[in-house]
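**Student:** Have a look at this one before I ask anything.
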């Protein structure tokens with residue numbers, strides 16, 4: 010499953026873990042206004058993250074700060090399918106109504122911002138209906154990677170197999186499959202074509218703004234973080 014191969018979704022162990030994950034999500038979503046520490050505990054339960062919690066600091070603000078360098082900030086409600094295949098970096102903000110189908114690895118880097126109502130679909134089905142066979146057939150999946158310092162606008166839809174490069178922005182309501190048609194980019198008013206060989210030309214390149222359905226490159230983002238612009 011996690012390698013992207015076809016698998017049987019109704020396997021007993023997989024069903025049991027999905028049930029576990031749904032219960033953990035329900036507990037997180039029902040928690041209400043609890044401490045940051047309690048939120049982190051509930052969040053880690055979703056992912057089955059067994060790292061030990063730091064000792065409680067007597068000052069509530071200092072205790073909250075303990076998690077700034079270890080965990081994301083998650084605003085529920087959230088829905089995650091498996092939890093085991095979902096990795097999120099520190100300093101990242103996951104806004105409410107996030108839906109994650111983590112059939113394969115879904116990795117989100119550090120300092121990433123999500124708008125509300127974002128969906129990440131790591132799950133797929135066979136295109137051939139003779140293989141798909143409704144509930145009787147196998148399912149599949151592909152990894153999704155969102156690198157550091159990305160901003161995902163509200164109601165964006167990220168589909169299986171996508172990599173979103175560092176420092177990029179995805180416009181609100183966009184559908185990101187693979188970027189449709191790498192277009193001319195502007196750097197300091199000079200038109201340049203994208204030629205970064207380290208990325209599949211259909212992935213979202215680092216430090217670019219993409220938007221639309223399907224998402225297309227709109228322009229390059231000028232940033233001192235981007236060493237290629239120096």
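Numbering (the working numbering), first residue to last: 10 to 239.
Don't be surprised by glycine CBs; every beta carbon is placed ideally from N, CA and C.
Computed from a prediction, not measured in an experiment: that's the story for all the values here.
How about residue 240 and residue 235: are their beta carbons less than 8 Å apart?
**Tutor:** Lying before the first or after the last residue shown, residue 240 is absent from the chain, which here runs from 10 to 239.
**Student:** Consult DSSP for residue 87 and reduce its assignment to one of helix, strand or coil.
**Tutor:** Residue numbering aside, residue 87 sits at position 78 when the chain shown is read from its first letter. Strand.
**Student:** Is it buried or exposed for residue 64, if we count other Cβ within 10 angstroms and need 16 for buried?
**Tutor:** Here residue 64 refers to the residue found at position 55 of the chain shown. Per the 10 Å Cβ criterion, exposed.
**Student:** Any beta carbon of chain C sitting closer than 8 Å to that of residue 73?
**Tutor:** Chain labels in this structure do not include chain C; a single protein chain is all it has.
**Student:** Taking the DSSP output, what are the residues bridged to residue 149?
**Tutor:** Translated into the one-based positions of the chain shown, residue 149 becomes position 140. Residue 149 pairs with 133.
**Student:** Can you name the residues that DSSP bridges to residue 225?
**Tutor:** Within the chain shown, the letter at position 216 stands for residue 225. In the DSSP output, where bridge partners are listed per residue, residue 225 has 220.
**Student:** Terminal residues of the continuous alpha helix (DSSP H) containing residue 140?
**Tutor:** If you number the chain shown from 1, residue 140 lands on position 131. Element bounds for residue 140: 138 to 141.
**Student:** Could you say if the stretch 66 to 74 and the stretch 97 to 109 meet the contact criterion of at least three C-beta pairs nearer than 8 Å?
**Tutor:** Touching, no, given that fewer than three Cβ pairs across the two stretches are closer than 8 Å.
**Student:** Just the C-alpha distance for residue 18 and residue 133, rounded to the nearest angstrom, thanks.
**Tutor:** Counted from its first residue, the chain shown places residue 18 at position 9. Counted from its first residue, the chain shown places residue 133 at position 124. Taking the straight line joining both Cα atoms gives about 11 Å.
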